[in-house]
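Written below as structure tokens is the structure these notes are about.
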Amino acid sequence: MLEKTFDPGPIEARWYAHWERTGAFRPARPEARPFTIVLPPPNVTGTLHIGHALNQTLQDILVRWKRMQGHDARWVVGTDHAGIATQMVVERTLAGQGLSREGLGREAFLARVWAWKAESGGAITRQMRRLGASCDWANERFTMDEAYARAVTRVFVQLHAEGLLYRDKRLVNWDPQFQSAISDLEVENREVNGHFWHLRYPLADGSGHLVVATTRPETMLGDTAVAVHPEDDRFRHLVGRRVAHPLTGRQLPVIADDWADPELGTGAVKITPAHDFNDWAVYERHREIGWINILNPDGTLNDSVPEPYRGLDRFEARRRVVADLEALGLLERVEEKRVQVPHGDRSGAVIEPFLTDQWFVDASRLAKAAREAVATGRTRFVPASWEKTYFQWLDSIQPWCVSRQLWWGHRIPAWYTPDGTVIVAESEAEAQAKAGPGVPLRQDEDVLDTWFSSALWPFATLGWPEATPDLARHYPGDVLVTAFDIIFFWVARMMMQGLHFTGDVPFRTVYCHGLVRDAAGAKMSKSKGNAIDPLVLVDRYGADAVRFTLAALESQGRDVKLDEKRVEGYRNFATKLWNAVRFAQAQGIGAGSEAPPAAAHPVNRWILGEAAAMVRAVTASLEAFRFDQAADALYHFTWSRFCDWYLELAKPLLADGSAAAAETRATAGFVLDQLLKALHPFMPFLTEELWHAQGQRHTDLILAPWPAFAVAPSDAADEITWLIELVSAIRSARTELNVPPAARLPLHAPPAIEARLARHLPALERLARVSALAFAPPAGPGIAQLVVAGETYALPLGEVIDLAAERARLARAAEAAEREAEGLAGRLANPGFLARAKPEAVEKARADHAARLAEAERLRAALARLG
RNA sequence: GGGCGCGUAGCUCAGUGGUAGAGCACUGUGUUCACACCGCAGGGGCCGCAGGUUCGAACCCUGCCGCGCCCA
410 MLEKTFDPGP IEARWYAHWE RTGAFRPARP EARPFTIVLP PPNVTGTLHI
460 GHALNQTLQD ILVRWKRMQG HDARWVVGTD HAGIATQMVV ERTLAGQGLS
510 REGLGREAFL ARVWAWKAES GGAITRQMRR LGASCDWANE RFTMDEAYAR
560 AVTRVFVQLH AEGLLYRDKR LVNWDPQFQS AISDLEVENR EVNGHFWHLR
610 YPLADGSGHL VVATTRPETM LGDTAVAVHP EDDRFRHLVG RRVAHPLTGR
660 QLPVIADDWA DPELGTGAVK ITPAHDFNDW AVYERHREIG WINILNPDGT
710 LNDSVPEPYR GLDRFEARRR VVADLEALGL LERVEEKRVQ VPHGDRSGAV
760 IEPFLTDQWF VDASRLAKAA REAVATGRTR FVPASWEKTY FQWLDSIQPW
810 CVSRQLWWGH RIPAWYTPDG TVIVAESEAE AQAKAGPGVP LRQDEDVLDT
860 WFSSALWPFA TLGWPEATPD LARHYPGDVL VTAFDIIFFW VARMMMQGLH
910 FTGDVPFRTV YCHGLVRDAA GAKMSKSKGN AIDPLVLVDR YGADAVRFTL
960 AALESQGRDV KLDEKRVEGY RNFATKLWNA VRFAQAQGIG AGSEAPPAAA
1010 HPVNRWILGE AAAMVRAVTA SLEAFRFDQA ADALYHFTWS RFCDWYLELA
1060 KPLLADGSAA AAETRATAGF VLDQLLKALH PFMPFLTEEL WHAQGQRHTD
1110 LILAPWPAFA VAPSDAADEI TWLIELVSAI RSARTELNVP PAARLPLHAP
1160 PAIEARLARH LPALERLARV SALAFAPPAG PGIAQLVVAG ETYALPLGEV
1210 IDLAAERARL ARAAEAAERE AEGLAGRLAN PGFLARAKPE AVEKARADHA
1260 ARLAEAERLR AALARLG
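Under our numbering, the first residue of the first sequence is numbered 410, with each subsequent residue one higher.
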């Protein structure tokens, strides 16, 4: 017998350990059709946040469902080495011990990182287990695994050999805090209050000055020109002349270029090629102006600037430049202005465009196949609207800077000879062979962008570049489940690399879900303090309730606004089911048969039909990735059908020696089994516990076959629908007429339905407090009347009835019926409707009209009888 | 500036051509031996606004208003 109260904690711990120990997450099914999902690998430094919980819940639902359908279901799991984040974590720890990365040296530092990973790197995967994630842990991967690293090197070398990866000096987004290049995707533009400084640049010949406006005055120390628009008559005469830089004294040419916007600022713009992406483009059209880099990697000014500014931090330099210009009388005015300032999404530091030598992938060439694969439907997005986002990004893709000035990561397999020759090779030995014996080689100090290696995840986890059986069987994967915000970071890059290196797409379907927000719709963040820790929710309400909540709220990729009240509600749902099973146990209802039991009683035939419909709805919803609809079907079947009506209607049947008792026990057992199976992907722990509580089983529920059964159509559904309506109508009338709850009343009914009523008298007694049936019109005053399914029923209330209340009640019902009938009559009187509407619609309107009319007549007649 | 999306009951959201739904919240109530994390009954909506298409529009089209996100 189950405990009186449902306590999720111990149940969860017990079943997860059991499943993992028995290999249930990946049973050997060599004959079965594979079903593969690759987990977007979480950051190894990470802890489970609510976004992971949503992402992983959805994947686990799919995997458990497919596993139950008999597939060789495999959820590829692992973590990402997260170059910057991990290096930061370890450096912070070192700083606490008075140590530094530089002090330790590269090798010793990397040893520390590995030690850290061994000790603390598993936090997130332990947390995933608490959520119930049924991953293939036996084949867990890490992006820095030796085999994985070989795949990364192979990709680098091959792309290089194909001319798709090259070294170049270009402007990159430079993070002065990390002192590394970062990807343009890792830059977040924030709009902040800034200034527009209008600066006077004297003409070199002393004949006046030109005013330029800038939001970053410190960069003027790297100016190499001033540009005006070629059509701008105000400045036409100055083109080709020179201005004297007020602080460096350099002579800067005035050039004509379309980049200068006559509408913006003064119409003249200073050009600083080494510190602005647009200015670099101007330089490429006017090579003669050259460029000057004024920054050190740490964001201080270097020796290219006049002595007083050297070594100043860029922000301090800004203040100094402005102050000095003001002192010189060259600061014409200062305007308040909202400006877009790039920030590193991890460091939060202001990003500088910085001219360095880096490695780039020619993404535009790889993008073609990636675009094509989605355009032709080889990979589809769900919801499809995300395709547009994907296309737009691929269509405007820029060279991808893949080198990072970090130590933790895949070291770039490139070596330099003393004369500067670059050799790209899969190993140092190979490089040496290429360079010739005895030539000293120095390996590139940098590592690769973490996303460069993550992009290989769908195939490198399966053994690529070896032609492994795993790869043959599980690539391409079936589904990728991901938040839409990493379509660019990850999905597009996996598509590019997957297609290029395997010739096939990495997955057939990309399901994009939304972000989890707080109850008010705000993005969750630690700094705002509105972040919800999924494990706190698990502790409070159980993993099943958290999972069910996330699934129920997940609708077509919309953002999920999570209110703890919802979790509480689904905890209540779990308890409801728990109690239903307790009741079943008390009634001798146990494990059901494999096939639907033969049932004669309408109540049993009805619930079998309802259960079959529920299973169909859940299956269809999952096929369409409608997690909310599937959850809704399960919730309503369980609560509103099975608990509220079936169990209540079954109680009299189960009572002492009724002929229908055995049949009802068999039916209830079978239906409960189907429910537990269909609910299992959503609430795995509770359902597994209840599955075993119900009797001896051949298999754990996690490996039980997904339900699929049909029941012959019957008129039982009509009969029970009528019964439910009748009971509801009686209850409603009793409440509205203030009948004392304990009072039992006889029910007067038309003789024509005596048999039907008699069949359900025990239910009516129990659920509607009916004392007896009568088939003659009731005598005396104080009759309450109801119309259900075209028949009039009466409840004699004697003197207690409130005549006025009853009259009002009947009148209201009659008016409602008449209103509906009139509406339908109006439609039927419309020749256009009869001529053009679908025949079924016309048919239904006619039937409904007749029914409403009859109901109204009966209600009016009842009203007349009241007097 | 370009793109995407959203506006339906107090709140959070389903519903995408045929008489408006759910959960929570709210009101009243509590007979019954699964469950008060419960039962029963109930109130509550010009489906953002204005046009159009259609026999018929919450749903399709256009415009407007408001809100959000992405990109520049």
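Yeah, the Cβ is synthetic: ideal placement off N, Cα and C, and Gly gets one too.
Straight across, the Cα-Cα distance linking W1115 with R442 is about 15 Å. When the Cα atoms are used, T628 and T891 turn out to be separated by approximately 41 Å.
Assigned with DSSP and collapsed to three states, H638 falls in coil, not helix or strand. For the pair A1271 and A1198, the Cα-to-Cα distance works out to about 15 Å. By a beta-carbon distance limit of 8 Å, T788 contacts V919. Their separation comes to about 6 Å.
Your pair F415 and T1096 does not check out as a contact, with CB atoms roughly 12 Å apart and the cut at 8 Å. Exclusion of the five residues before and after G617 leaves no residue of its chain whose Cβ lies closer than 6 Å to its Cβ.
By a beta-carbon distance limit of 8 Å, L457 contacts P943. Their separation comes to about 6 Å. The three-state reading of DSSP puts H684 in helix, counting H, G and I together.
The criterion of a C-beta distance shorter than 8 Å is not satisfied by L1176 and L1156. Counting along the chain, Q1038 sits inside the alpha helix (DSSP H) bounded by residues F1036 to H1045. Under the three-pair Cβ rule at 8 Å, the stretch 942-958 does not count as touching the stretch 894-906. Take the alpha-carbon of F868 and the one of P450: they are about 13 Å apart. Straight-line measurement puts the Cα of W795 at about 45 Å from the Cα of I1129. When the alpha-carbon of N981 is set against those of K797, E761 and D953, the nearest one is in D953.
Counting C-beta pairs closer than 8 Å gives three or more between the stretch 545-552 and the stretch 479-495, which meets the contact rule.
With respect to the 8 Å criterion, A1223 and L1268 are classified as neighbours on the basis of their beta carbons. Boundaries of the alpha helix (DSSP H) harbouring F868: W866 to A869, taken from the DSSP string. At a Cβ-Cβ threshold of 8 Å, A636 and V596 do not count as neighbours. Within the same chain, A772, S773 and A776 come within 6 Å of I806 by CB-CB distance, once the 5 residues on both sides are set aside. Along the stretch 860-913, the alpha helix (DSSP H) occurs as fully enclosed runs of 4 or more residues at 866-869, 878-883 and 901-911, listed in sequence order. The beta carbon of T870 lies closer than 7 Å to those of V447, V485, G487 and R550 in the same chain, with the five residues before and after it left out. Here K1086 is buried: its Cβ has 16 or more other Cβ atoms, across all protein chains shown, within 10 Å. A residue is called buried when at least 16 other Cβ atoms come within 10 angstroms of its Cβ; E1003 does not meet this threshold and is exposed.
When secondary structure is reduced to three states using DSSP, I698 falls in the helix class.
For C810, DSSP records a beta bridge to F769. Assignment of beta-bridge partners to Y1202 by DSSP yields L1195. Nearest Cα to G460 within the set L503, F898, L1206 and G923: G923.
Annotation: A1102 to Q1083 spans about 15 Å, alpha carbon to alpha carbon. In the structure shown, Q536 adopts helical secondary structure according to DSSP, grouped into three states. In this structure, the alpha-carbon of E697 lies about 20 Å from that of H646. In this structure the stretch 555-563 does not lie against the stretch 963-973, because fewer than three pairs of beta carbons, one per stretch, are closer than 8 Å. A Cβ-Cβ contact shorter than 8 Å links L1063 with T1073. Close CB contacts of Y557 within its chain, under the 6 Å cut and outside five residues either way in sequence, are with A869 (chain order).
In summary, L737 is exposed, with fewer than 16 beta-carbon neighbours lying within 10 Å of its beta-carbon over all protein chains present. Under the Cβ criterion (8 Å, minimum of three pairs), the stretch 521-535 does not count as touching the stretch 850-869.
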